[in-house]
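Below is one structure, written out as structure tokens, with a few remarks after it.
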Ligand SMILES: Nc1nc2c(ncn2[C@@H]2O[C@H](COP(=O)(O)OP(=O)(O)O)[C@@H](O)[C@H]2O)c(=O)[nH]1
Ligand SMILES: [Mg+2]
Ligand SMILES: [Zn+2]
């Protein structure tokens, strides 16, 4: 029986209406990112989000960075991967606190997971203050560029073996990053990789991107990377 | 496949919007997706159609996509032009690369039709 008039069938008296929304599809992540950033700012922590294809040298770069800087600044790392604790173990072996964030299939990190991971990291810190937090994103050049994590800079790594067409194939990764590292330049003679073309393409996509040419193996360009981090920390 | 995550976030937002508006059913969701957004529209719809089945309020919701063209304005000669070139667009008036994007990066929920 229907409630409206007591007859024994349903009336179609439903009203339909259009609700104007006009908000980003990524609103929930963007809000969580803003909250992360506020939290990091309050604590005075500079946050770096590293993105690249799998194997471009993110963890190796972090190992070298820790070796060079850990005596002068306090470093923490959040390691994103689909599975395994391996990268966090590599970082902890260097004597720096690290939390592994396994996404269980997702190909990128999101802000809610960073929030949880950071609190987990704080337990390892025992009240010690961090100067810099590195986030190693899941190896993927597409999806991570959609998700703000609350970082201060996004750094994209393109390695020589991947080929110099990467910037134009993954424009969003270049456009949303502030720094690009061309990595593994010790291998350049073995590959058809045109460093100048890569730089030119990246700058055409993002005129303000800062480009460094590096090799974790020979140490080429790493001094510039450390300088960039030190400048950021001293607010230059 | 960031489209799955985006669809999950969208379902959360739709749930919130429906409850704020005392809606009993979501019938239509209109999205604005720019050509430069990097969102693969078919993947997004595919993901949404799978996820919506777990949410009674939106099991019959349809998605309509308003695809937004890529439009630039030239900083040198002020020409406004539409282009398909997502990598290295050049001004149709003076061939300059010094351009400002006018539209094409949208990734928005425009509006939602509900029953109340
Ligand atoms: N030749 C060379 N190999 C490197 C360099 N940096 C990293 N690798 C190697 O590249 C592989 C992947 O590096 P890894 O840091 O794990 O990459 P990730 O997946 O981005 O974290 C490892 O075998 C590294 O030893 C480099 O500068 N030169
Ligand atoms: Mg790694
Ligand atoms: Zn022009």
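Protein chains in written order, with the numbering used here: chain A, 343 to 578; chain B, 1098 to 1213.
The beta-carbon is built from N, C-alpha and C at its ideal position, and this holds for glycine as well.
Please say whether residue j and residue i have beta carbons closer to each other than 7 Å?
{"i": "residue 1210 of chain B", "j": "residue 1156 of chain B", "result": "no"}
{"i": "residue 420 of chain A", "j": "residue 453 of chain A", "result": "no"}
{"i": "residue 554 of chain A", "j": "residue 566 of chain A", "result": "yes"}
{"i": "residue 422 of chain A", "j": "residue 441 of chain A", "result": "no"}
{"i": "residue 572 of chain A", "j": "residue 456 of chain A", "result": "no"}
{"i": "residue 476 of chain A", "j": "residue 506 of chain A", "result": "no"}
{"i": "residue 528 of chain A", "j": "residue 557 of chain A", "result": "yes"}
{"i": "residue 543 of chain A", "j": "residue 510 of chain A", "result": "yes"}
{"i": "residue 1118 of chain B", "j": "residue 551 of chain A", "result": "no"}
{"i": "residue 515 of chain A", "j": "residue 483 of chain A", "result": "yes"}
{"i": "residue 418 of chain A", "j": "residue 439 of chain A", "result": "yes"}
{"i": "residue 1151 of chain B", "j": "residue 358 of chain A", "result": "no"}
{"i": "residue 1193 of chain B", "j": "residue 1171 of chain B", "result": "yes"}
{"i": "residue 575 of chain A", "j": "residue 388 of chain A", "result": "yes"}
{"i": "residue 493 of chain A", "j": "residue 391 of chain A", "result": "yes"}
{"i": "residue 1179 of chain B", "j": "residue 1130 of chain B", "result": "no"}
{"i": "residue 472 of chain A", "j": "residue 416 of chain A", "result": "yes"}
{"i": "residue 533 of chain A", "j": "residue 410 of chain A", "result": "no"}
{"i": "residue 1160 of chain B", "j": "residue 1142 of chain B", "result": "yes"}
Tell me whether residue i is buried or exposed, calling it buried when 16 or more other Cβ atoms sit within 10 Å of its Cβ.
{"i": "residue 386 of chain A", "result": "exposed"}
{"i": "residue 485 of chain A", "result": "buried"}
{"i": "residue 466 of chain A", "result": "exposed"}
{"i": "residue 1185 of chain B", "result": "exposed"}
{"i": "residue 1198 of chain B", "result": "exposed"}
{"i": "residue 1173 of chain B", "result": "exposed"}
{"i": "residue 344 of chain A", "result": "Bear in mind that a pLDDT of 48 at residue 344 of chain A, under 50, signals an unreliable position, so the model cannot answer this."}
{"i": "residue 1191 of chain B", "result": "exposed"}
{"i": "residue 450 of chain A", "result": "buried"}
{"i": "residue 437 of chain A", "result": "exposed"}
{"i": "residue 426 of chain A", "result": "exposed"}
{"i": "residue 1205 of chain B", "result": "buried"}
{"i": "residue 1196 of chain B", "result": "buried"}
{"i": "residue 1111 of chain B", "result": "buried"}
{"i": "residue 399 of chain A", "result": "buried"}
{"i": "residue 446 of chain A", "result": "exposed"}
{"i": "residue 374 of chain A", "result": "buried"}
{"i": "residue 1099 of chain B", "result": "buried"}
{"i": "residue 435 of chain A", "result": "exposed"}
{"i": "residue 376 of chain A", "result": "exposed"}
Shortest alpha-carbon distance to residue i belongs to which of the options?
{"i": "residue 1134 of chain B", "options": "B/1115, B/1213, B/1203, B/1175", "result": "B/1203"}
{"i": "residue 1105 of chain B", "options": "B/1136, B/1128, B/1148, B/1117", "result": "B/1148"}
{"i": "residue 1182 of chain B", "options": "B/1118, B/1168, B/1207", "result": "B/1168"}
{"i": "residue 497 of chain A", "options": "A/394, A/374, A/412", "result": "A/394"}
{"i": "residue 1127 of chain B", "options": "A/383, A/576, A/563, A/364", "result": "A/364"}
{"i": "residue 523 of chain A", "options": "A/427, A/375, A/402", "result": "A/402"}
{"i": "residue 499 of chain A", "options": "A/429, A/396, A/538", "result": "A/396"}
{"i": "residue 404 of chain A", "options": "A/431, A/382, A/426, A/425", "result": "A/431"}
{"i": "residue 1200 of chain B", "options": "B/1188, B/1160, B/1177, B/1112", "result": "B/1177"}
{"i": "residue 1153 of chain B", "options": "B/1139, B/1108, B/1099", "result": "B/1108"}
{"i": "residue 1162 of chain B", "options": "B/1102, B/1171, B/1145", "result": "B/1145"}
{"i": "residue 1101 of chain B", "options": "B/1122, B/1131, B/1130, B/1138", "result": "B/1138"}
{"i": "residue 570 of chain A", "options": "A/541, A/549, A/474, A/513", "result": "A/474"}
{"i": "residue 1136 of chain B", "options": "A/373, A/428, A/381, A/487", "result": "A/487"}
{"i": "residue 371 of chain A", "options": "B/1160, B/1103, B/1113, B/1189", "result": "B/1103"}
{"i": "residue 407 of chain A", "options": "A/478, A/376, A/517", "result": "A/478"}
Strictly below 7 Å CB to CB, what residues from chain B border residue i?
{"i": "residue 363 of chain A", "result": "1114, 1206, 1207, 1208, 1209"}
{"i": "residue 396 of chain A", "result": "Near residue 396 of chain A there are no residues of chain B at all, since even the closest Cβ is about 15 Å away, more than 7 Å."}
{"i": "residue 514 of chain A", "result": "1135"}
{"i": "residue 460 of chain A", "result": "Those do not exist, as residue 460 of chain A stays about 20 Å from chain B at its closest Cβ, beyond 7 Å."}
{"i": "residue 382 of chain A", "result": "Chain B residues near residue 382 of chain A: none, gap ~22 Å exceeds 7 Å."}
Identify the contact partners of residue i in chain A, using a Cβ-Cβ distance below 9 Å as the criterion.
{"i": "residue 1169 of chain B", "result": "Residues of chain A passing the Cβ test: none, with the nearest at roughly 14 Å."}
{"i": "residue 1110 of chain B", "result": "363, 365, 367, 369, 370"}
{"i": "residue 1185 of chain B", "result": "510, 543, 546, 547"}
List, in chain order, every chain B residue whose beta-carbon is nearer than 8 Å to that of residue i.
{"i": "residue 484 of chain A", "result": "1099, 1135"}
{"i": "residue 357 of chain A", "result": "1212, 1213"}
{"i": "residue 450 of chain A", "result": "1099, 1102"}
{"i": "residue 476 of chain A", "result": "Chain B residues near residue 476 of chain A: none, gap ~22 Å exceeds 8 Å."}
{"i": "residue 533 of chain A", "result": "Residues of chain B passing the Cβ test: none, with the nearest at roughly 22 Å."}
Spell out whether any CB of chain C is found under 7 Å from the CB atom of residue i.
{"i": "residue 518 of chain A", "result": "Checking the listed chains, one finds no chain C in this structure; the protein chains it contains are A and B."}
Please list, in chain order, the chain A residues whose beta carbon lies closer than 7 Å to that of residue i.
{"i": "residue 1124 of chain B", "result": "358"}
{"i": "residue 1103 of chain B", "result": "367, 368"}
{"i": "residue 1118 of chain B", "result": "361"}
Using a C-beta to C-beta distance shorter than 8 Å, which residues of chain A count as neighbours of residue i?
{"i": "residue 1107 of chain B", "result": "367"}
At 3 residues or longer, what runs of the beta strand (DSSP E) sit wholly inside the stretch 1125 to 1162 of chain B?
none
Alpha helix (DSSP H) segments (min. 4 residues) lying fully within the stretch 406 to 464 of chain A
428 to 434
Please specify which runs of the beta strand (DSSP E), each continuous and at least 3 residues long, are wholly inside the stretch 499 to 555 of chain A, giving them in chain order.
521 to 525, 552 to 555
In chain order, what residues have a CB nearer than 6 Å to some heavy atom of ligand 5?
With respect to ligand 5, the structure shown offers nothing to examine, as its ligands consist of ligand 1, ligand 2 and ligand 3.
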